[in-house]
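Working notes for the structure below.
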Amino acid sequence: MIKSLRGMNDILNKEESQRFTYFINTATKVALRYGFHHIQTPLLEETTLFKRSVGESSDIVGKEMYRFKDKGDNDVSLRPEGTAGVVRAFIQNKLDRSGGTHRFFYHGSMFRYERPQKGRLREFHQFGVESFGVESVYEDAVMIMMVADILAELGIGYRLQINSLGCKECMPPYRENLVNFIESVAGNICEDCQRRERTNPIRVLDCKNEKCQSLYETAPKLINSLCENCESDFNKLKTILDANNIAYEIDTNLVRGLDYYSKSAFEFVSDDIGSQSAIAGGGRYDRLVEFLDGRPTPAVGFAMGIERLLELISMPKELREGYFFGAMDSEAVEFIISLTQKKRKTDKASCDYRARNLKNHLKSADKVNARYCCVIGSNELENSTIWVKDLENKTEQVLNIEDLY
RNA sequence: GUGGGAUUAGCUCAGUUGGUUAGAGUACUAGUUUGUGGCACUGGGGGCCGCGAGUUCGAAUCUCGUAUCCCACCCCA
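Here it is as structure tokens:
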């Protein structure tokens, strides 16, 4: 038997696919309300794009990409995240030169060659939004509120963590400070942290090793080293969230895994889905457009991991809908099929291809969750009528065929 | 990439110290005497016991390998 690749799942059972489309529909609805529009970008891009955006030091680019040479000998990769492609499209279409604001949302498959576990797949789906051209921290706050709105509509509880990663003014000196600090304790930190010191020193603060954590208690904190602008923006962000009743925790160790983030960073986590608990994450990336050869353009965005959200969604109750047609005499079967076809122009409708007794038709109608069960028997055949029962109200009546429409 | 646990019917799981034809619940399907659904009752279909070797007279059961899932690390959505 041929099986799907490791970490690549089908979404086919009814429950799961209903949840999936329900998520896409409500997230799309909310994004449209916020003035974003849909964008689709290719799954496959030049590898360089991800190297330059996500960052070569990141695990994602370093070891998790599906990367290969195509038949034209181009170095290409399946996208491991959505932002890079959107930024590329933004620049390629010269929107960076057109000025104004551009707000996009997208959803689709992302690929990372990781060891799978619950909530971590090799092909997974994200819903994300990107906003270009707005420097104001109010936009950051609006992004967070948008995630909060989507989660609220889906009935999903969460904790929100925020942090500021500083900008090109205050981040580099801080980084240097931190490296010096790490040097001072380098003998006692774990192997991972020693590696992180070289690749991405900020990440050591995130280390889950208890010994490291206790050493880092006295580490310089970025939040105390922010420049005036970053600090006042971070304060504004908190003020707006407070004013709009969005609860948050400040997590000074929150470091986004992708190199392009600056200033506001945020992550929504759930305590109900296991260790892969981040359900949405994002932040500001003011420098990314110019890293990719565009005209400097402030930008902010987020992405949500759809698979991680799926089981948290509380689905609205499924209501009875549509029609089920059945015949009790074989002479009426073909007529029933035509009736069903007509009804399908406007409503959900299905029918039984066999002549069966009333009880069986009612059973079938109930099973497909139809609202109305419509049956033609010998009595109805004689009078050109049809028997209709409302399975919801348990009322029934005999109608002339024409009255059914 | 590292360490640990699991894998038996579509799904959730039993299966004795290795011993005849591998079970239950649920789901599916048909019927309960010919025009009233959800319930109940009675039948029925459905298993390379993850895959491959090995030990044995005999393996779902023991050993090894392998794949996948799950858990932790790592990382992240």
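The first sequence begins at 0 in numbering that gives the first Met the number 0 and counts up by one. For each residue, glycine too, the CB sits at the ideal point set by N, CA and C.
*Kindly identify the DSSP beta-bridge partner or partners of G300.*
E129, G282
*When you compare only the Cα positions, how much space is there between V203 and D95?*
35 Å
_Unbroken alpha helix (DSSP H) run spanning K143, endpoints_ = The sequence given here has Ile at residue 143, not Lys. Run containing I143: 136-152, per the alpha helix (DSSP H) assignment.
*Do the CB positions of R66 and S57 come within less than 7 Å of each other?*
no
*asked:* As a quick exercise: from A83, F22, S276, pick the residue whose alpha carbon is nearest that of V53.
replied: A83
*asked:* Quick check: the Cα distance between V374 and K362, rounded to an integer number of angstroms?
replied: 12 Å
*Bridge partner(s) assigned by DSSP for N24*: Answer is none; N24 lacks a bridge partner.
*Just how far apart, CA to CA, sit Y21 and E15?*
10 Å
*asked:* Short of 6 Å in beta carbon distance, which residues of its chain neighbour N208, apart from the five on each side in sequence? Order them along the chain.
replied: C189
*Between the Cα of K93 and the Cα atoms of M314, G300, I59, P295, which residue gives the shortest distance?*
P295
*Is the segment 132-151 touching the segment 263-273 in the sense that three or more CB pairs, one from each, lie closer than 8 Å?*
yes
*Considering only residues of the same chain and omitting the five flanking positions on each side of V178, which have a CB-CB separation below 8 Å?*
E196, P200
*asked:* Please state whether the Cβ-Cβ distance between L225 and G165 is less than 7 Å.
replied: yes
*What did DSSP end up calling C229 once you bin it into helix, strand or coil?*
helix
*asked:* Beta-carbon within less than 7 Å of V85's beta-carbon, same chain only, minus the 5 sequence neighbours each way: which residues are those?
replied: I38, T40, F103, Y105, E129
*Is DSSP giving Q160 helix, strand or coil here?*
strand
*Is Q340 helix, strand or coil by DSSP?*
helix
*Under 6 Å from any heavy atom of the ligand GTP, does the C-beta of V397 make it?*
The ligand GTP is absent from the structure shown, which contains no ligands of any kind.
*Which stretch, first to last residue, makes up the alpha helix (DSSP H) that contains T217?*
Taken as a continuous stretch (DSSP letters only), T217 belongs to no alpha helix (DSSP H), as it is neither H nor E.
*Just tell me which of T46, S274, G61, R51 has its CA closest to the CA of K68.*
T46
*asked:* For the structure I just gave you, are there three or more beta carbon pairs, one from the segment 213-221 and one from the segment 156-175, closer than 8 Å?
replied: yes
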